[in-house]
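Sequential numbering from 439 applies to the sequence shown in the working numbering.
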Amino acid sequence: MFGRILLCLVTSLTWLTASWAQAETLNLGTLNEGIRGQMRIFKPLLTYLEDELEDYGISEVRLVVHPSTQLMAEAISRKEVDIFIDSPMVVAKVAQLSGGVPFLRHWKDGQASYYSVIFTHTDSGITSLEDLRGRRVALEDHDSSSGFIVPAHMLINAGLHIKKLRAPTSTHTGDEVGYFLTYNDKNTMFAVASGRADAGATNQMNYLDLMEARPDEFRVVAISERFPRSVLMHRPGLSEELLKELRYTLKAMNKAEEGRAVLKSFQNSAGFDEFAAGSKRTFAPIFEILQDLEDAGIN
439 MFGRILLCLV TSLTWLTASW AQAETLNLGT LNEGIRGQMR IFKPLLTYLE
489 DELEDYGISE VRLVVHPSTQ LMAEAISRKE VDIFIDSPMV VAKVAQLSGG
539 VPFLRHWKDG QASYYSVIFT HTDSGITSLE DLRGRRVALE DHDSSSGFIV
589 PAHMLINAGL HIKKLRAPTS THTGDEVGYF LTYNDKNTMF AVASGRADAG
639 ATNQMNYLDL MEARPDEFRV VAISERFPRS VLMHRPGLSE ELLKELRYTL
689 KAMNKAEEGR AVLKSFQNSA GFDEFAAGSK RTFAPIFEIL QDLEDAGIN
């Protein structure tokens, strides 16, 4: 009898050891061109999670950075990234490609949600989206939620056709809305301010900063629906036990002084919480936007 108990105990310990050995490193991913700047941003959160998850077999929490949704999705499919954090449209694109599951909302910059703003100079003569026919619009990049994906959908949803220009100075004729990529919100705002673009798109926080710096120079043409400010997604097959503990740890951060200090240093966060309407209902319209863009030949 003692032999059976001992055998069961050894078997259980061996299984637990093997299970946690596979989960010693938790890989957290995000999109960016370079890792050094992102490491400075993410380091407080990585260190905090290492300390909090140590008893659950996690000895290291690493940051993995890729420049595109395609490369991130491939890394997630290879199990090189366990948790992905980014804007909702980007997370949705990666989820479609990798099978990942959005599971928490991140209050980045203290905001639970945000929206896109299409804006123009006050002397442009543009007062509606319809007025953008044949005009030039500055958008950020294809993997930007508020700077490209949402405003591009707003344009096609208004019955407009959009066409990518080879360069900001490319000649544009016809009724399509010609767009060029700026790769940075500040560049988008400068393009509109300098007259290189007839309109541009950004999120409401950047637009409010612009209005504060240069009041009465710009006006809003259209505003999108609200979307979660930032989102966490886990890869398929991640341990349910680890996911449960990670969810608890992140949601509890704003309830303790140390956790609040880490949140403040990490993208001026206010915390992590569940989606009020649930993950599926929250992301249903987001996936519809991506499908509409795909149907329109915009990727």
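Each residue gets a CB set at the ideal place from its N, CA and C atoms; glycine is no exception.
Please read all numbers here as calculations on a predicted model, not as lab measurements.
Residue interval of the beta strand (DSSP E) (run including Lys624): Per DSSP, Lys624 is not a residue of any beta strand (DSSP E); the alpha helix (DSSP H) it occupies stretches across 623-632.
Stretch-stretch touch, CB-based, cutoff 8 Å, three pairs: the segment 645-657 with the segment 611-621: Under the three-pair Cβ rule at 8 Å, the segment 645-657 does not count as touching the segment 611-621.
Residues that DSSP places opposite Tyr553 in a beta bridge: DSSP output for Tyr553 lists no bridge partner at all.
Continuous beta strand (DSSP E) stretch holding Asn641: start and end: From DSSP, the beta strand (DSSP E) with Asn641 extends over 637-641.
Through-space distance from Tyr686 to Gln476, alpha-carbon basis: Rounded to the nearest angstrom, the gap between the Cα atoms of Gln476 and Tyr686 is 24 Å.
Phe656 beta carbon less than 9 Å from that of His559: Closer than 9 Å, so yes.
Residues sharing a beta bridge with Leu466, DSSP: Leu501, Ile521, per the DSSP bridge assignment.
Given 8 Å, three or more beta-carbon pairs between the segment 596-608 and the segment 511-525: The answer is no - the segment 511-525 does not touch the segment 596-608, with fewer than three Cβ pairs under 8 Å.
Host alpha helix (DSSP H) of Ala699 (start-end): Counting along the chain, the alpha helix (DSSP H) containing Ala699 begins and ends at 695-703.
Three CB pairs or more closer than 8 Å across the segment 680-694 and the segment 582-591: Remark: fewer than three beta-carbon pairs, one from each stretch, lie closer than 8 Å, so the segment 680-694 and the segment 582-591 are not flagged as touching.
Backbone secondary structure at Val588 - three-state DSSP: Under the three-state reduction of DSSP output, Val588 falls in the helix class.
Cut-off 6 Å between Cβ atoms - residues of its own chain near Arg698, not counting five sequence neighbours on either side: Cβ within range, chain order: Asn692.
Backbone secondary structure at Pro666 - three-state DSSP: In the displayed model, Pro666 falls within a strand according to three-state DSSP.
Residue environment, Thr552, which counts as buried when at least 16 other CB atoms sit within 10 Å: With the sequence shown as reference, residue 552 is identified as Tyr, and Thr is not the correct amino acid for it. Answer is buried; the Cβ neighbour count reaches 16.
Distance, Leu731 Cα to Glu568 Cα: When rounded, the separation of the alpha-carbon atoms in Glu568 and Leu731 is 19 Å.
N-terminal and C-terminal residue of the beta strand (DSSP E) that Pro526 is part of: Bounds of any beta strand (DSSP E) do not take in Pro526; it lies within the alpha helix (DSSP H) bounded by 526-536.
Length of the line joining the Cα atoms of Ser608 and Gln729: Whole-angstrom Cα-Cα distance: 29 Å.
Same chain, Cβ closer than 8 Å to Gln437, five either side skipped, listed in chain order: Nothing can be reported for residue 437: it is not among the residues displayed for the chain, which extend from 439 to 737.
Pro606 versus Phe586, Asp636, Val532, His591, residue with shortest Cα-Cα distance: Put simply, of Phe586, Asp636, Val532, His591 the residue whose alpha carbon is nearest the alpha carbon of Pro606 is Asp636.
Burial state of Arg667 (16 or more Cβ within 10 Å): Taking all protein chains shown into account, Arg667 has 16 or more neighbouring C-beta atoms within 10 Å of its C-beta and is therefore buried.
Segment contact flag, the segment 561-577 with the segment 508-518, C-beta cutoff 8 Å, min 3 pairs: Result no; under three Cβ-Cβ pairs closer than 8 Å.
Opening and closing residue of the beta strand (DSSP E) in which Tyr617 lies: Here the beta strand (DSSP E) through Tyr617 covers 615-619.
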